[in-house]
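Chemist: From first to last, the protein sequence lines stand for chains C and P.
The first sequence begins at 146 in this note's numbering and counts up by one.
The second sequence begins at 45 in this note's numbering and counts up by one.
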Amino acid sequence: MRVMAQMGMVMNLDKCIGCHTCSVTCKQAWTNRSGVEYVWFNNVETRPGQGYPRTYEDQEKWRGGWQVGRNGKLRLRTGSRLKRLLTIFSSPVQPSINDYYEPWTYDYETLTNAPVQEHTPVAQPRSLLTNKPMTIEWSANWDDNLGGAPELTQEDPVLKRISAEIKEKFEQTYMFYLPRICEHCINPSCAASCPSGAIYKREEDGIVLVDQDRCRGWRQCVTGCPYKKVYFNHRTGKAEKCTFCFPRVEVGIPTVCSETCVGRLRYIGIVLYDADRVLEAASTPGDQDLYMAQRSIILDPHDPQVVRAAEEAGISRDWIDSAQRSPIYALINRFEVALPLHPEYRTMPMVWYIPPLSPVVDALTETGHDGEDAGNIFGAIESLRIPVEYLAELFTAGDTNLVTGVLKKLGAMRSYMRDLNLGRPADESIAAAVGMTGRDIEDMHRLLAIAKYDERYVIPTIHAEQGPEREEFDTGCSLDYDEGPGMGGWGPFGETSGGSTPIAVENFHMLAARQTSDTMAAPGDKAQRVNLLNWDGKGAPEGLFPTRPEESAALHRPDGGGVGEDSPAVTEPKP
Amino acid sequence: MNAVDILLWVVVPYVSLAIFVVGHYWRYKYDKFGWTTRSSQLYERRLLRWGSPLFHFGILFVLVGHVMGLGIPKSWTEAVGLSEGAYHALAIGVGAIAGIGTLVGLAILIYRRRTVGPVFSATTRNDKLMYLVLTLTILFGMSNTVLGAVGHEGVDYRDTVSPWFRSIFYFNPQPELMTEAGLGFQLHALSALVLFAIWPFTRLVHVFSAPLGYFTRPYIVYRSRDRQLGNRPTPRGWDRVGGGRR
Ligand code: HEM
Ligand code: SF4
Ligand code: SF4
């Protein structure tokens with residue numbers, strides 16, 4: 146047994162209102178740059194629907210993930226290593242920009258510059274790739290709320306797998322939202338497809354990252370990931386992906402998408418798993434057995450043997466403690482209500498979902514029944530095959546029994562808790578009907594309905610002794626300093642070339658520039674621009690505000706008496 | 045032999061090769077982040093599907109041909125019993141196929157660069173210069189092969205260009221060999237030297253990260269956050285108490 150810790154997430158789909166707050170805040174934080182305009186590390190799909198990029202779940206077409214070969218061995222769906230290298234010059238099945246969508250902006254300037262005219266001027270859409278006017282035909286969530294259904298939705302690869310009768314009915318029947326991020330898989334096929342070995346899994350917490358300095362732009366990972374959650378930055382020529390907000394998680398705060406989620410439906414925690422058995426579990430022959438296989442490698446953190454093995458593997462006490470309190474462990478292996486997304490891709494995904502019960506309850510209420518009565522719900526789940534089959538294609542490789550089981554538990558929880566809320570005696574038989582006890586149901590209810598911040602997010606921090614190293618690592622990210630790669634600058638070798646500047650060096654140069662320069666920052670003089678991240682809040686550093694006309698005139702006085710640190714022209718704000 | 049010959053066939057080669065070597069070292073140190081193929085497949089894939097493999101397989105064969113033609117002395121091939129005629133038939137046969145593949149591929153790639161909107165927008169001045177020098181080099185090289193094939197060639201490059209090329213690496217340059225080689229070979233060699241000089245500063249650096257290590261490494265790469273951070277080694281004095289984890 147080789148114990149490793151893995152950061153993971155569970156989302157409770159019943160609560161997702163499809164507001165896209167998570168997507169937008171994630172975009173602001175990570176992909177609000179040129180080259181990744183079309184990239185959404187977090188996206189929210191309306192299901193049924195085609196998803197983003199379109200029809201990504203059709204692995205016959207896109208060839209992502211793993212497959213068990215005829216000899217029973219696990220191999221990438223794209224074939225052997227040799228085959229991948231021979232087709233490297235033009236990747237056979239990489240999605241092109243139209244499979245995502247062509248990013249655009251609007252020509253806002255016409256709104257302010259247009260001469261007086263009879264008609265209101267219009268800001269035309271312009272392509273962010275070519276800068277030419279374009280017609281908007283698709284976006285990351287074009288079919289949001291079933292927009293364009295049923296024509297568009299018919300292309301949903303999941304829907305295609307279930308029967309024709311169901312396809313016809315789905316429109317009147319159900320719809321729900323599926324927020325997606327990178328799964329930070331235990332057996333990541335993106336990493337396996339990377340020829341340079343630039344994609345790695347962190348030993349400590351299992352977060353999957355792309356080393357920007359080692360990525361060479363072979364773009365094999367884009368094909369390799371079945372969830373299409375590695376993206377190609379077309380400006381820098383490098384792959385980028387969701388980082389599980391590692392700089393935040395390292396200090397114990399949740400990812401941006403979780404923090405800002407309006408429904409508070411995301412749970413973050415770690416699980417301990419047995420790294421020695423990953424390959425065996427991922428090679429399980431039957432697709433429908435993969436759910437159990439993955440659960441079986443997740444270890445019980447309360448088991449003394451596991452704890453001892455974890456300690457031997459160097460996992461510190463507070464991490465083991467967090468694993469014991471982990472909400473995702475509870476949802477996956479104690480209450481057994483969370484399910485993995487597409488386990489049949491065999492990457493052992495670590496973002497799991499509690500399937501939505503609402504379509505069933507809604508349908509029931511519409512027919513005039515009491516949607517929260519245990520008997521009614523149980524019956525309805527059985528008879529309302531449609532959503533169940535669809536959910537099963539998403540979460541259990543088609544095993545409807547598993548989905549029914551989970552939905553029944555959620556239904557039982559509603560009924561059981563309603564009795565308590567209405568002051569009626571608890572009905573243990575409801576709990577027993579789904580193989581739980583009243584105590585279990587109350588615990589589950591607490592976690593799903595009222596858990597506060599520190600119960601939803603149990604995130605162990607990294608250790609102080611790693612501090613001095615960490616600072617450079619966090620802040621020295623090669624993407625995110627001013628004028629750095631990804632900020633749109635053009636280096637000598639094309640856009641965004643050049644090394645990364647450690648923050649200490651940057652601070653030193655900033656300080657030196659402030660102390661020695663006597664001119665205001667000019668656009669051509671980027672090194673002297675004020676970096677607000679480094680501004681300690683005292684004084685008004687030069688360059689913070691644009692020059693006033695009279696000041697800039699003073700600047701050019703021949704005696705050189707411009708605006709200096711001690712010049713009366715600068716008004717220091719009162720603390 | 046005059047000063048110009050020395051300049052062209054001694055000074056320029058050494059300067060160019062020095063830039064090539066030092067340039068790559070420097071670029072790797074300074075610009076790991078910019079070291080990439082700059083793939084444009086996201087924008088367009090139908091033309092690339094044909095152009096890129098044609099060009100790449102072609103140029104890789106051409107490369108092998110050059111290693112053989114320039115690197116292996118005539119006496120060696122003759123020693124293993126390969127006659128002059130057979131060698132040339134082989135070289136011109138394989139060379140022509142590879143060359144045509146390269147040229148057609150290159151033509152498709154350049155056509156694509158110019159006509160596909162997003163690809164054109166993403167083409168830097170650097171790319172244009174690289175394409176110009178690369179195309180010239182390939183065209184000059186091809187014309188030598190073609191002229192050789194139809195029998196116009198007066199000199200055997202294996203008696204002139206190849207020994208000259210090797211002489212550079214023996215640090216015993218023999219520029220006089222190149223003066224006898226004929227204009228076609230001279231132009232080809234010169235443009236190639238210019239190409240080597242700009243090579244480290246273009247996207248062509250991707251050639252040196254051809255991912256051969258992929259065959260031997262395990263599929264999933266694990267990295268420890270505390271043992272090594274990015275590409276920086278752990279600073280001295282920050283060893284973990286107790287000698288680390290594993
Ligand atoms: C040694 C193995 C090589 C590999 C694995 C390789 C791989 C690649 C890849 C993946 C691309 C990006 C194609 C795309 O998606 O746009 C590319 C582009 C390119 N490569 Fe190579 N390459 C190799 C050798 C070479 C050589 C020897 C040359 C020329 C001397 C070369 C010249 C180019 C050029 C000019 C492009 C740009 C094509 C374009 O987009 O217009 N490559 N290469
Ligand atoms: S979901 Fe994430 S970790 Fe899994 S294969 Fe895709 S990019 Fe890699
Ligand atoms: S913020 Fe939460 S509720 Fe809103 S779309 Fe995202 S996951 Fe759903």
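Where a beta carbon is used, it is the ideal one built from N, C-alpha and C, also for glycine.
Strictly below 7 Å CB to CB, what residues from chain P border THR784 (chain C)?
Modeler: With chain C represented from 146 up to 720, any question about residue 784 (chain C) goes unanswered, as that position is not in the structure.
Chemist: Given the structure, does PRO324 (chain C) come close to ligand 3, in the sense that its CB is under 7 Å from one of the ligand's heavy atoms?
Modeler: yes
Chemist: At which residues does the alpha helix (DSSP H) containing VAL244 (chain C) begin and terminate?
Modeler: Reading off the sequence shown, one finds Asp at residue 244 (chain C), where the question assumed Val. ASP244 (chain C) -> alpha helix (DSSP H) spans 242 to 245.
Chemist: Does GLN450 (chain C) pass the burial test, meaning 16 or more other C-beta atoms within 10 Å, or should it be called exposed?
Modeler: exposed
Chemist: Within 7 Å: the Cβ of VAL106 (chain P) and any heavy atom of ligand 3?
Modeler: no
Chemist: Just how far apart, CA to CA, sit ALA657 (chain C) and LYS683 (chain C)?
Modeler: Per the coordinates, the alpha-carbon of ALA657 (chain C) lies some 17 Å from the alpha-carbon of LYS683 (chain C).
Chemist: Is ARG157 (chain P) close to chain C, meaning its C-beta is less than 8 Å from at least one C-beta of that chain?
Modeler: no
Chemist: Going by C-alpha distance, which of P:ILE50, P:GLY149, P:TRP120, P:LEU237 is nearest PHE99 (chain P)?
Modeler: P:GLY149
Chemist: Does DSSP put GLY621 (chain C) in a helix, a strand or coil?
Modeler: Any reading at GLY621 (chain C) must be qualified, since the residue scores a pLDDT of 38, below 50, and its modelled position is unreliable; no value is offered.
Chemist: Compare the C-beta of TRP363 (chain C) with all C-beta atoms of chain P and state if any pair is closer than 8 Å.
Modeler: Yes, TRP363 (chain C) counts as interfacial toward chain P.
Chemist: Does the Cβ-Cβ distance between MET154 (chain C) and ILE413 (chain C) come in under 8 Å?
Modeler: yes
Chemist: So what's GLY153 (chain C) in DSSP terms, helix, strand or just coil?
Modeler: GLY153 (chain C): strand per DSSP, three-state reduction.
Chemist: I need the straight-line Cα distance from GLU182 (chain C) to ALA594 (chain C), nearest angstrom please.
Modeler: 36 Å
Chemist: With a threshold of 8 Å between beta-carbons, can ALA284 (chain C) be considered close to chain P, or not?
Modeler: According to the sequence provided, residue 284 (chain C) is Ser. The question's Ala does not apply to it. Not one chain P Cβ lies under 8 Å of SER284 (chain C).
Chemist: Tell me, to the nearest whole angstrom, how far the beta carbon of CYS327 (chain C) is from that of VAL353 (chain C); I am working on the premise that it is less than 8 Å.
Modeler: 7 Å
Chemist: Looking at chain P, which residues of the segment 473 to 488 of chain C have a Cβ within less than 9 Å of any of its Cβ atoms?
Modeler: Those residues of the segment 473 to 488 of chain C that come within reach of chain P (Cβ to Cβ, closer than 9 Å) do not exist; the list is empty.
Chemist: How big is the Cα-Cα spacing for MET493 (chain C) and LYS374 (chain C)?
Modeler: 15 Å
Chemist: Just checking, does the segment 272 to 289 of chain C make contact with the segment 237 to 247 of chain C on the three C-beta pairs under 8 Å criterion?
Modeler: yes
Chemist: Which residues mark the beginning and the end of the alpha helix (DSSP H) in which LYS160 (chain C) is found?
Modeler: Premise fails: LYS160 (chain C) is in no alpha helix (DSSP H) and is neither H nor E.
Chemist: Measure from the C-beta of PRO392 (chain C) to each C-beta in chain P and report whether the shortest distance is under 8 Å.
Modeler: no
Chemist: Can you give me the start and stop residues for the alpha helix (DSSP H) that LYS228 (chain C) sits inside?
Modeler: 226 to 231
Chemist: Report the residue from C:LEU417, C:ASN546, C:ALA483, C:GLU300 whose alpha carbon sits nearest the alpha carbon of PRO501 (chain C).
Modeler: C:ALA483
Chemist: Do you know how far the Cα of ALA142 (chain P) is from the Cα of VAL106 (chain P)?
Modeler: 6 Å
Chemist: Using a Cβ-Cβ cutoff of 7 Å, what residues of the segment 228 to 239 of chain C are near chain P? List them in chain order.
Modeler: LEU230, PHE234, SER235, SER236, GLN239
Chemist: What are the boundary residues of the alpha helix (DSSP H) that includes ARG71 (chain P)?
Modeler: 56 to 74
Chemist: Closer than 8 Å, CB to CB, is GLY342 (chain C) near chain P or not?
Modeler: yes
Chemist: Can you name the residues of chain P whose CB is closer than 9 Å to the CB of ASN332 (chain C)?
Modeler: TYR263, ILE264
Chemist: Interface residues of chain C around GLY257 (chain P) at Cβ under 9 Å?
Modeler: Going along chain C in sequence order, the residues near GLY257 (chain P) (Cβ under 9 Å) are PRO340, SER341, GLY342.
Chemist: Could you name the residues of the segment 76 to 87 of chain P whose beta carbon sits closer than 9 Å to any beta carbon of chain C, in the order they occur along the chain?
Modeler: LYS76, PHE77, GLY78, TRP79, THR80, THR81, ARG82, SER83, SER84, GLN85, LEU86, TYR87
Chemist: Just mark GLY629 (chain C) as buried or exposed, buried being the case when its beta carbon has 16 or more other beta carbons within 10 Å.
Modeler: At GLY629 (chain C), the pLDDT of 45 sits below 50, so the modelled position is not reliable; the number obtained from the coordinates is stated separately. GLY629 (chain C) should be labelled buried.
Chemist: Across which residues does DSSP place TRP211 (chain C) in a beta bridge pair?
Modeler: According to DSSP, which records beta bridges pairwise, TRP211 (chain C) is partnered with C:LEU221.
Chemist: From C:ASP518, C:TYR598, C:LYS553, pick the residue whose C-alpha is nearest to that of VAL533 (chain C); which is it?
Modeler: C:LYS553
Chemist: For the alpha helix (DSSP H) containing ASP588 (chain C), name the first residue and the last one.
Modeler: 583 to 590
Chemist: With a Cβ-Cβ cutoff of 8 Å, do ASP419 (chain C) and LEU444 (chain C) count as a contact?
Modeler: yes
Chemist: State the beta-bridge partners of ASP432 (chain C) as determined by DSSP.
Modeler: Note: ASP432 (chain C) sits in no beta bridge, so no partner.
Chemist: Taking DSSP as the reference, what is the three-state secondary structure of SER503 (chain C)?
Modeler: For SER503 (chain C), the three-state secondary structure derived from DSSP is helix.
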